[in-house]
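Here is the structure we will look at.
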DNA sequence: CGGTATCCGAGATGATACTG
DNA sequence: CAGTATCATCTCGGATACCG
């Protein structure tokens, strides 16, 4: 992230794998991760149930997103050996913890959505 | 965002332009936006000074990122008609406000960075 | 049911060269 | 100094078809 370095009284922003912005935040800055995390915030759910609730997601992208979130340690995947197979997804403790600052951000976005739209319209109007 | 709908006791997640996740959060989920916002958090700065501090950014991407942030209303761009020209970038009030929930998120990422890395290693080790 | 495999188009990013 | 233009590459995301 913003690696602090005594470069006068300034920072140097690096772009290494040690940067939490690159290595953590940017990983759920994609199209579906945040939505999937929120979708799981109420409790565990099966694959197709999730898919139905998250309108617009393709099977491929839901699978990929869940795998990534599982890899980061935010989501837990449990396969029940039944016929047909049942797969339950849920948030881990880490995932539930991540939800908190995420909600703050989304709350902010909600609150300022109109302001931002006006800014865009103004900007586009000038050019 | 998570549009609340009384669908049983569940949510429906839509993917429209009215969704603040899509329309606000995803816009600074790109590679440079958050870093640029943080770089400006200390005060106004010139283009090339920014470019030097943000190690690894190309001129093209810095320009594009700044334009986007300006369009959203987070960044202000002031051109001083001198020779050579001087362009100062700074955060608007909205931009400074956005920084707050952003810091919370980055603080979280910093704090859990090691945990997440271990989760990844564990996941990759299993497969 | 819960995936995987394959293909494709669009956009993000970067390198390089040029300009008012 | 602060860009723009161009090209090349890579990843994201969607559509479709198939599988245990």
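Protein chains in written order, with my numbering: chain A, 1 to 127; chain B, 1001 to 1127. The beta-carbon is built from N, C-alpha and C at its ideal position, and this holds for glycine as well.
N-terminal and C-terminal residue of the beta strand (DSSP E) that residue i is part of
i                    : result
residue 88 (chain A) : 86 to 91
Reduced DSSP secondary structure (H/G/I, E/B, other) of residue i
i                      : result
residue 76 (chain A)   : strand
residue 82 (chain A)   : coil
residue 1005 (chain B) : Annotation note: pLDDT 43 at residue 1005 (chain B) (below 50); position unreliable, no value reported.
residue 1010 (chain B) : Because the pLDDT of residue 1010 (chain B) is 48, which lies under 50, any placement of that residue in the model is unreliable, and the number read from its coordinates should be weighed accordingly. Correct three-state label for residue 1010 (chain B): strand.
Nearest-angstrom beta carbon gap, residue j and residue i [assumed within contact, 8 Å]
i                      : j                      : result
residue 65 (chain A)   : residue 32 (chain A)   : 4 Å
residue 115 (chain A)  : residue 1094 (chain B) : 6 Å
residue 68 (chain A)   : residue 22 (chain A)   : About 15 Å separates the two Cβ atoms, so there is no contact after all.
residue 141 (chain A)  : residue 1073 (chain B) : Nothing can be reported for residue 141 (chain A): it is not among the residues displayed for chain A, which extend from 1 to 127.
residue 1030 (chain B) : residue 122 (chain A)  : About 22 Å; that fails the 8 Å criterion.
residue 40 (chain A)   : residue 75 (chain A)   : 7 Å
Residue i: first and last residue of the uninterrupted alpha helix (DSSP H) it sits in
i                      : result
residue 1039 (chain B) : 1033 to 1039
residue 1051 (chain B) : 1047 to 1053
residue 119 (chain A)  : 113 to 126
residue 22 (chain A)   : 20 to 23
Report task. Please name the residues in the region 1112 to 1127 of chain B whose beta-carbon is closer than 7 Å to at least one beta-carbon of chain A, in chain order. Result -> 1112, 1113, 1115, 1116, 1119, 1120, 1123
Query - Stretch-stretch touch, CB-based, cutoff 8 Å, three pairs: the region 93 to 113 of chain A with the region 42 to 61 of chain A - result: no
Report task. For the region 96 to 110 of chain A and the region 1089 to 1104 of chain B, state whether three or more C-beta atom pairs, one from each stretch, are separated by less than 8 Å. Result -> yes
Report task. Select from the region 41 to 69 of chain A all residues with a C-beta closer than 7 Å to any C-beta belonging to chain B, and list them in chain order. Result -> For the region 41 to 69 of chain A, the residues whose beta carbon sits under 7 Å from a beta carbon of chain B are, in order, 53, 54, 55, 56.
Requested in this report: Check whether the region 1044 to 1053 of chain B touches the region 84 to 97 of chain A, taking contact to mean three or more Cβ pairs, one atom from each stretch, closer than 8 Å.
Outcome: With contact defined as three or more Cβ pairs closer than 8 Å, the region 1044 to 1053 of chain B and the region 84 to 97 of chain A are not in contact.
Requested in this report: Anything in the region 72 to 100 of chain A with a Cβ closer than 9 Å to a Cβ of chain B? List those residues in chain order, please.
Outcome: Flagged, chain order: 72, 73, 74, 92, 94, 97, 98, 100.
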